[in-house]
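Input: a single structure, listed below in structure tokens.
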Amino acid sequence: MLYVSESVINTLCVSREHLIGQSLFDILHPKDMAKVKEQLSSSDLTPRERFIDTKTGLPVKSEVVPVMPQLSSGSRRSFFCRMRQYSKENVIKTEEQPTFKKKPKIIPDRKKYATIQCTGYLKSWPLSQIGVEYDNERDGDTEGCTLSCLIAIAKATQDIHQIQGQPGNGDPSLYQFVSRQAMDGKFTYIDQRATAILGYLPQELLGTSCYEYIHVADIKQMAENHYEGEMGCFKPLHRGKGVG
Numbered sequence: 003m004l005y006v007s008e009s010v011i012n013t014l015c016v017s018r019e020h021l022i023g024q025s026l027f028d029i030l031h032p033k034d035m036a037k038v039k040e041q042l043s044s045s046d047l048t049p050r051e052r053f054i055d056t057k058t059g060l061p062v063k064s065e066v067v068p069v070m071p072q073l074s075s076g077s078r079r080s081f082f083c084r085m086r087q088y089s090k091e092n093v094i095k096t097e098e099q100p101t102f103k104k105k106p107k108i109i110p111d112r113k114k115y116a117t118i119q120c121t122g123y124l125k126s127w128p129l130s131q132i133g134v135e136y137d138n139e140r141d142g143d144t145e146g147c148t149l150s151c152l153i154a155i156a157k158a159t160q161d162i163h164q165i166q167g168q169p170g171n172g173d174p175s176l177y178q179f180v181s182r183q184a185m186d187g188k189f190t191y192i193d194q195r196a197t198a199i200l201g202y203l204p205q206e207l208l209g210t211s212c213y214e215y216i217h218v219a220d221i222k223q224m225a226e227n228h229y230e231g232e233m234g235c236f237k238p239l240h241r242g243k244g245v246g
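Residue numbers for the sequence shown, in our numbering: 3 to 246.
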């Protein structure tokens, strides 16, 4: 990580100084690493940009004139992942500002993760512009070397159940998300809004059966509606909270 804002301490309980220079994968949940690696892929930066629709998660077809990487607006990215939350006991409060101990110890069975939504884009810069040295004696070309960076705003998601007492909680759209299932009931697409409602990330649900997340009392009715191709109302199961 080349840059982290100071506000990270409010979400992950760790200072920016501790994270800068570390790999993003050091604080990611193991099951989210493949998803993030896919998002960090820079193979689509040039010669043509591939924009990602933040609502559907699908590539948007567009005719873009090839441009130099350093002048490109970058490939847009929007995804959810889980990042490690450090223990607040490792944060030392001083009169000036909180700082982080040099070697925090995290107990393995007490690791906590915060669900984070990252929205931004990939961009390529010449290494000379960002002060990164690169040894390219073989080719003898240092000016043509570029580095792909993810520039994103990371925002902790708020569980829909935590805002039930807040104004506007009666809005039905807060409790709705879009999904697509195959004939066997397995998810083929999940709207990102499902994370706030069910507590699961989209990549966790894809490929699994929708019947795994329906209350046992509603499974029979859902199966009948599924067979008839009809719609119905069912009680979903929220991760760690039971019935949603």
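Yeah, the Cβ is synthetic: ideal placement off N, Cα and C, and Gly gets one too.
These numbers come from a predicted model, not from an experiment.
Check                                                                                                        : Outcome
Status (buried if at least 16 other CB within 10 Å, exposed otherwise) for F81                               : buried
Span separating the alpha-carbon of H31 from that of S150                                                    : 23 Å
Unbroken alpha helix (DSSP H) run spanning R18, endpoints                                                    : R18 to L21
Integer-rounded CB distance, given that P204 should sit under 8 Å from A196                                  : 7 Å
Per DSSP, the bridge partner or partners of I153                                                             : Y123
Span of the beta strand (DSSP E) around T197                                                                 : Where T197 is concerned, there is no enclosing beta strand (DSSP E), although the alpha helix (DSSP H) it sits in stretches over A196 to L200.
Residues that DSSP places opposite Y191 in a beta bridge                                                     : R182
Span separating the alpha-carbon of Y191 from that of S25                                                    : 30 Å
Other residues of its chain near I22: CB distance less than 8 Å, five sequence neighbours each side excluded : M3, L4, Y5 and V6
Beta-carbon spacing of L207, F179 below 8 Å                                                                  : no
For S77: DSSP bridge partner residues                                                                        : L124
Pair within 8 Å by beta-carbon distance, C15 and Y88                                                         : yes
DSSP beta-bridge partners of F82                                                                             : Q119
Whole-angstrom distance between L200 and T159, CA atom to CA atom                                            : 12 Å
DSSP bridge partner residues for A225 (one or two, in chain order)                                           : Beta-bridge pairing links A225 to no other residue.
Beta-carbon proximity of Q119 to R79, cut-off 8 Å                                                            : no
Contact set for A184: own chain, Cβ-Cβ below 8 Å, skip 5 residues either direction                           : T190
Alpha-carbon spacing of T121 relative to K157, whole angstroms                                               : 8 Å
heavy atom of the ligand NAP below 7 Å from C212 C-beta                                                      : Looking for the ligand NAP in the displayed structure turns up nothing, as the structure carries no ligands at all.
Three-state secondary structure (DSSP) of Q205                                                               : helix
Rounded C-alpha distance that separates I216 from E19                                                        : 44 Å
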